[in-house]
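Per our numbering: the sequence shown = residues 7 to 339. Just so you know, even glycine gets a beta-carbon here, dropped at the ideal spot from N, CA and C.
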Amino acid sequence: MKAFTLANPSTLDQAIGILAARRERGAHGRVQVLAGGQDLLTEMKEHLAEPEVLVNLKGIGGLDRIEIDAAGALSIGALATLSALEENEGVRARFPILHEAARSIGSPQIRSVGTVGGNLCQRPRCWYYRSEHAKCLKKGGTECFSYGGLNKYNAILGGGPSYIVHPSDLAPALVALDAQVVLRGSAGERTLALERFFTLPSEGSILRENVLADDELLVRVIVPAPAPGMRSTYLKFKERGSFDFALVAVALALWPDGGKIARARLVLGGVAPVPWRCAGAETALAAKTMDESVWKAAGEAALQGAEPLGHNAYKVPLAKGLIFRALQSLSRA
């Protein structure tokens with residue numbers, strides 16, 4: 007690991023000031039933000055990231071709060087740990103999809119340190135990206151080695167020119183809940199839909215996975231109060247029985263109306279460079295009865311346009327099966 011200077015701001019303004027000063031000097035990548043550190047410190051040990059300055063956010067008060075207001079809306083500070091989110095009784099009762107997603111991440115030890123903001127902003131897990139010896143597209147190279155190489159875990163939707171998958175479990179669940187993120191930088195504060203926070207490799211800079219500016223911080227996530235009757239679930243299929251990333255994940259929220267589905271939000275994880283919103287499947291479910299033919303049709307619609315690589319075609323039937331299981335489980339709720 008390369009030597010670095012540790013900055014310990016006590017306020018958001020101080021932290022943003024450090025980031026802004028470095029940005030003005032054209033020092034992109036030389037200053038990075040430390041939250042839980044589960045991902046960044048691993049990158050530093052592997053020489054994938056070599057910042058000159060680490061801005062430690064842990065001394066900034068209030069960034070770890072989890073609050074539900076009188077209207078039922080949820081606010082999650084970026085430094086809230088995954089275990090705090092998992093164990094929050096209000097989240098468990100009102101947003102089961104989010105509780106299930108948090109519980110699925112890593113081990114209890116990882117969840118006790120990892121943060122919500124860090125989980126949303128973590129870098130790709132593709133083994134070409136993670137190898138310090140492979141200068142792939144995500145590290146300024148000219149080729150995505152996974153396209154014609156070892157691509158068992160890579161994207162089947164939305165890929166190109168890079169075929170990473172976004173590794174976050176919280177992201178699909180939060181997009182299904184129509185969450186927003188609050189970003190603060192030297193130009194002020196802005197709020198945008200979490201779905202718009204993430205970027206495809208074909209959009210913007212190939213070196214990034216989100217729209218955070220160099221002098222911006224993700225400070226909190228806002229989840230609107232669920233409409234009455236909402237049912238939700240998060241299903242994740244892993245290669246190993248525990249402590250693993252998703253091969254495919256399904257985040258589903260739906261609102262039943264009698265024996266029919268009034269509307270639904272379906273988001274896939276583990277299959278695309280961003281949490282993959284399945285608008286076609288949502289349309290296929292709207293105003294339909296809860297039966298097996300509808301669940302199968304939703305799976306077909308969700309995977310329409312999938313383009314598997316040489317070793318990951320298994321993700322197509324796996325995703326369809328998980329969608330079927332998620333709809334089946336919520337039909338019984």
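In the DSSP assignment, Ile72 falls within the beta strand (DSSP E) that extends over Ile72 to Ile74. Excluding its 5 nearest sequence neighbours in each direction, Arg131 has C-beta neighbours in its own chain below 7 Å: Pro173 and Phe251, listed in chain order. The Cβ atoms of Ala332 and Val256 lie closer than 8 Å to each other.
With contacts defined by Cβ atoms closer than 8 Å, Pro178 and Val273 form a contacting pair. For Gln186, the three-state secondary structure derived from DSSP is strand.
Secondary structure at Glu209: coil, using DSSP grouped into helix, strand and coil.
Leu224 places its beta carbon less than 8 Å from that of Ala84. For Ala332, the three-state secondary structure derived from DSSP is helix.
Beta-bridge partners of Val39 (DSSP): Val61. Cβ contact annotation for Gln334 (same chain, cutoff 7 Å, sequence separation greater than five): Trp301, in chain order. Going by DSSP, Ser152 is part of no beta strand (DSSP E) at all; its letter is neither H nor E. Between the alpha carbons of Lys141 and Ala13 lies a gap of roughly 30 Å.
For Phe249, the number of other beta carbons within 10 angstroms of its own is below 16, and it is reported as exposed.
Annotation: Arg109 is outside any beta strand (DSSP E); the continuous alpha helix (DSSP H) that includes it extends over Pro102 to Arg109. In this chain, the beta strand (DSSP E) harbouring Arg237 covers Arg237 to Lys244. In this structure, Gly124 places its C-beta atom within 8 Å of the C-beta atom of Ala41. Where Pro262 is concerned, the enclosing beta strand (DSSP E) starts and stops at Ala252 to Asp263. Contact between Pro114 and Ser89 holds, since their C-beta atoms are separated by about 7 Å, short of 8 Å. For Val300, no beta strand (DSSP E) encloses it; the enclosing alpha helix (DSSP H) starts and ends at Glu298 to Ala308. Membership of Leu143 in any alpha helix (DSSP H) is not indicated, and neither H nor E is assigned to it by DSSP. Under DSSP, Leu223 forms a beta bridge with Arg190. Under a 10 Å Cβ-count criterion, Ser16 is classified as exposed, with fewer than 16 other Cβ atoms of the shown protein chains found around its own Cβ.
In this structure, Pro281 sits near Phe204, with a CB-CB distance shorter than 8 Å. For Met50, the number of other beta carbons within 10 angstroms of its own is at least 16, and it is reported as buried. As the crow flies, the alpha-carbon of Met7 is around 17 Å from that of Tyr135. Glu95 and Arg117 do not touch by the CB rule: their CB atoms are close to 16 Å apart, not below 8 Å. In the DSSP assignment, Glu195 is bridged to Arg190. Contact between the stretch 312 to 324 and the stretch 147 to 158 is present: 3 or more CB-CB pairs across the two stretches fall below 8 Å. Comparing alpha-carbon positions, the option among Ala339, Leu309 and Arg338 lying closest to Gly327 turns out to be Leu309.
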